[in-house]
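A.B. asks: Chains as they are written, first to last, in the numbering used here: chain A, 1 to 150; chain B, 1001 to 1200.
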Amino acid sequence: MVQTIRRGVVAGLLAGLLLATLDFVTDGTPGRLLPEALNWFGITIADPTISRFAGFFLIIVLGGVFGLIFGALQRERIITISRALLSGLALGFVWWLVFDLLLANIMSHHALFSLDFGRFLSTFPIDLLFGVVLGAIYYQLQQQRAAVAL
Amino acid sequence: MSISSSAGDRKRVAVTGARESSTTTPITLSERSITGLALIRIFVGYLWFQQLFWKLPPDFRGLYGYIVSESQHTIIPGYGYILQHTFLAGCTSMSTPAGCTAFVPLAAGVWAAELLVAISLMFGLFTRFGAILATILSLQLYVGLAYTGWIWIYGQMVLLALVLVAVPAGRRLGVDQWLAPRLQAAGQHHRIARIASWFV
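1. Quick one: what's got a C-beta closer than 6 Å to alanine 139(A)'s C-beta in the same chain, skipping five residues either side?
2. Compare the C-beta of serine 1005(B) against all C-beta atoms of chain A and say whether one is closer than 8 Å.
3. From which residue to which residue does the alpha helix (DSSP H) around histidine 1073(B) run?
4. By the three-class DSSP mapping on this structure, what secondary structure does tyrosine 138(A) have?
5. Drop a sphere of 10 angstroms on the beta-carbon of methionine 1094(B), count the other beta-carbons inside from all chains shown, and report buried for 16 or more, exposed for fewer.
6. Using CA coordinates, which residue listed in Pro125(A), Leu128(A) and Arg52(A) is at the minimum distance from phenylalanine 24(A)?
7. Would you verify that the beta carbon of serine 1002(B) is, or is not, closer than 8 Å to some beta carbon of chain A?
8. Pairing CB atoms from the segment 1103-1114 of chain B with CB atoms from the segment 1149-1161 of chain B, are three or more of them under 8 Å?
9. Going by DSSP in three states, isoleucine 126(A) sits in which element: helix, strand or coil?
10. Sorted by chain position, which residues of the same chain lie with C-beta nearer than 6 Å to serine 1004(B)'s C-beta, five sequence neighbours on each side aside?
11. Could you check what DSSP says for phenylalanine 1199(B) in three-state terms: helix, strand or coil?
12. Determine the burial state of arginine 145(A): buried for a count of at least 16 other Cβ atoms within 10 Å of its Cβ, exposed for fewer.
13. What residues in the segment 32-65 of chain A bring their beta carbon closer than 8 Å to a beta carbon of chain B?
14. Output the residue ranges of the beta strand (DSSP E) runs that lie fully inside the segment 1082-1135 of chain B and measure 3 residues or longer, sorted by chain position.
15. Would you check if the segment 1082-1096 of chain B and the segment 1119-1127 of chain B touch, i.e. whether three or more CB-CB distances between them fall below 8 Å?
16. For a test of the three-state rule: what should DSSP assign to aspartate 225(A), helix, strand or coil?
17. With DSSP run on the structure shown, which of helix, strand or coil describes valine 148(A)?
18. Any Cβ of chain A within less than 8 Å of the Cβ of glycine 1080(B)?
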């Protein structure tokens, strides 16, 4: 169990790093979307540079937490690539639902499920991508471990 | 150069070929290399993804100025004429798509193609198909806009897309990792699966 959780955390941190990096290379000012992660928890930092750095690291930490959940869900099983990708997709969907829909709406005082097309398009595929990458990295780490054991 | 037809010549050619192939070291991509290429694939997909937002439906207004610019600066004679009589047919203004008869459906096609490229490359889903589509779209941008800025901008996009056509970058950190072996197995019995397997 410890092995799968550890593997999940590493995969989650790496997938979180990818997600944070994608949020950094935005059109316009680099990293302008990163403070949104702070807004999910009602955190506001006046300095824009520190705010972006804090958002960057918060996304990586949240990735680690989701990776931990991913690892815990697999228990001690050796999982197939299809299971890894599907579990990842499901967690990506949960990320989108919790952070980019519910928390974002609650913190900006909108209706709980309010969503326009532009916001849906800018968040939903990226959050699913986070999940797919998390699952794929987890599977790769599992295969590496199996190869070393042989 | 001559074409030999005798059995002796053919044997000599075969031996030479075998010797040459034995001196050519086969290239195998390491896990790290293919994972690195998969990361590049995701970022190239994200490049296309970001560019969807300044030309959103339903009016695709952001695209209009670029089509007008392409019709004026194209490097291929006649291409401007084609744009004038398709995308820009009936248009009465240089700044807004007022009066255009075919702009919205054609722009919707461009937008959908770019969305397809973005999804395909980011998720590693039929990556080579997405990369071929990205090559075509980038070539079109090169033809129309190469001389409106730094000439290599769109050239680089063409080259990036071609790299992703050449390398199966979706088979790591992507859905193609799951798809490829299944399509290859099914491809031994089904023609459609065999054709589909070319694109992963």
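Don't be surprised by glycine CBs; every beta carbon is placed ideally from N, CA and C.
C.D. replies: In this structure, then:
1. Note that residue 139(A) is tyrosine in the sequence shown, not alanine. Answer for tyrosine 139(A): Ile81 and Ala84, listed in chain order.
2. Because the pLDDT at serine 1005(B) is just 42, under 50, the model does not fix this residue reliably, and the value given afterwards should be weighed accordingly. No, because no Cβ of chain A sits closer than 8 Å to the Cβ of serine 1005(B).
3. For histidine 1073(B), the enclosing alpha helix (DSSP H) stretches over residues 1061-1073.
4. The three-state reading of DSSP puts tyrosine 138(A) in helix, counting H, G and I together.
5. It counts as exposed.
6. When only C-alpha atoms are compared, the closest one is Arg52(A).
7. Confidence is the limiting factor: at serine 1002(B) the pLDDT is only 40, short of 50, which leaves the residue's position unreliable, though a coordinate-based value still follows. No, its Cβ sits nowhere closer than 8 Å to a Cβ of chain A.
8. No: fewer than three Cβ pairs fall under 8 Å.
9. It is helical.
10. Any reading at serine 1004(B) must be qualified, since the residue scores a pLDDT of 43, below 50, and its modelled position is unreliable; no value is offered.
11. Phenylalanine 1199(B): coil per DSSP, three-state reduction.
12. Per the 10 Å Cβ criterion, exposed.
13. Within the segment 32-65 of chain A, contact with chain B at the beta-carbon level (separation under 8 Å) is assigned to no residue.
14. Annotation: the segment 1082-1135 of chain B contains no complete segment of the beta strand (DSSP E) (minimum length 3 residues).
15. The segment 1119-1127 of chain B and the segment 1082-1096 of chain B do not touch, with fewer than 3 CB-CB distances between them shorter than 8 Å.
16. As shown, chain A starts at 1 and ends at 150. That puts residue 225(A) outside it, with no answer to give.
17. Residue state, collapsed to three classes: helix.
18. The beta carbon of glycine 1080(B) does not come within 8 Å of any beta carbon belonging to chain A, so the residue lies off that interface.
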